[in-house]
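With the working numbering as the guide, the letters of the sequence shown map in order to residues 1 to 204.
From the three backbone atoms N, C-alpha and C, an ideal C-beta is built for every residue, glycine too.
Heads up: the structure comes next, in structure tokens.
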Amino acid sequence: MKRLLFLLIIPIVSFGQDTIPVTKILNKKEAYKKKMMKLKEEYKVNHKDKIKPGNTNFNSNDRIAIKDVIDAYGFYWDSNNLDGYLSLFIDKAVGVTINAKGEKDKYYIKSDEQIESSKKRMDFFKINQMQRRHMMANTLVLELSESYAHIRQYMTLITTNKKEKTEILTPIDYIFKLKKVDSVWKIVYREINLDKPLDLPLSK
Numbered sequence: 001m002k003r004l005l006f007l008l009i010i011p012i013v014s015f016g017q018d019t020i021p022v023t024k025i026l027n028k029k030e031a032y033k034k035k036m037m038k039l040k041e042e043y044k045v046n047h048k049d050k051i052k053p054g055n056t057n058f059n060s061n062d063r064i065a066i067k068d069v070i071d072a073y074g075f076y077w078d079s080n081n082l083d084g085y086l087s088l089f090i091d092k093a094v095g096v097t098i099n100a101k102g103e104k105d106k107y108y109i110k111s112d113e114q115i116e117s118s119k120k121r122m123d124f125f126k127i128n129q130m131q132r133r134h135m136m137a138n139t140l141v142l143e144l145s146e147s148y149a150h151i152r153q154y155m156t157l158i159t160t161n162k163k164e165k166t167e168i169l170t171p172i173d174y175i176f177k178l179k180k181v182d183s184v185w186k187i188v189y190r191e192i193n194l195d196k197p198l199d200l201p202l203s204k
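Spelled out as structure tokens, the structure:
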């Protein structure tokens, strides 16, 4: 009788000579379901700020402000405004340069060494009457939240030497990462990908 009651309380599923309680199978299914739901939620959290082209669910004020920073980057550099250029970055902003050979340099943009290097480049352009222009092209917003942005920006770098000859130097694929500091967007990471070598090579 006790044996019969036990079988009624805990159903079993037979597989040949083995028997597996149904409750155990259900528990495994429930655990698997919970695991998949957790992974789905984690995916949503990790990808909630990813931007799909055409999506209208974003803050237009932030998009405009970020575009202003990227545009100012080109204008400040081309006008040899070093202070304005540096003001666009946080103090520990990271710079990465990848040349046409795939060689990679990494540095802090506002380090003493890099500031001196930027100043020398600007002085060289002025002395040799080389007017640089960063011509903005396609902008792709990869990620945007209330305080973080990840952008790819195509630019074409041209130069006019001694007001006589204008040349296209190279297209550049920029990667910018920005964060909002006291309601102002600042660059925290800038990567330069060159399609071909520059006339004045970039140095660390």
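For the beta strand (DSSP E) holding residue i, just list the boundary residues, first then last.
i           : result
residue 149 : 148-161
residue 206 : Because the chain is modelled from 1 through 204, residue 206 falls outside the range shown and cannot be assessed.
residue 194 : 184-194
So, residue i versus residue j, is the Cβ gap smaller than 8 Å?
i           : j           : result
residue 118 : residue 82  : yes
residue 194 : residue 65  : no
residue 132 : residue 159 : yes
residue 179 : residue 148 : yes
residue 80  : residue 120 : no
residue 115 : residue 190 : no
residue 136 : residue 155 : yes
residue 85  : residue 95  : no
residue 124 : residue 202 : no
residue 188 : residue 93  : yes
Would you give the residue range spanned by the alpha helix (DSSP H) that residue i belongs to?
i          : result
residue 82 : 82-86
residue 74 : 60-78
CA-CA distance, residue i and residue j?
i           : j           : result
residue 63  : residue 143 : 11 Å
residue 87  : residue 71  : 13 Å
residue 196 : residue 91  : 30 Å
residue 151 : residue 27  : 45 Å
residue 173 : residue 153 : 6 Å
residue 105 : residue 111 : 14 Å
residue 35  : residue 177 : 33 Å
residue 134 : residue 170 : 10 Å
residue 168 : residue 162 : 15 Å
residue 89  : residue 32  : 46 Å
residue 129 : residue 192 : 24 Å
residue 164 : residue 67  : 32 Å
residue 146 : residue 58  : 9 Å
residue 74  : residue 54  : 26 Å
residue 78  : residue 50  : 32 Å
residue 52  : residue 184 : 24 Å
Taking only three categories from DSSP, how would you classify residue i?
i           : result
residue 167 : strand
residue 123 : helix
residue 115 : helix
residue 30  : helix
residue 38  : helix
residue 93  : strand
residue 104 : strand
residue 199 : coil
residue 109 : coil
Cβ-heavy atom distance between residue i and the ligand SAH below 7 Å?
i           : result
residue 179 : Among the ligands in the structure shown, none appear at all, so the ligand SAH cannot be discussed.
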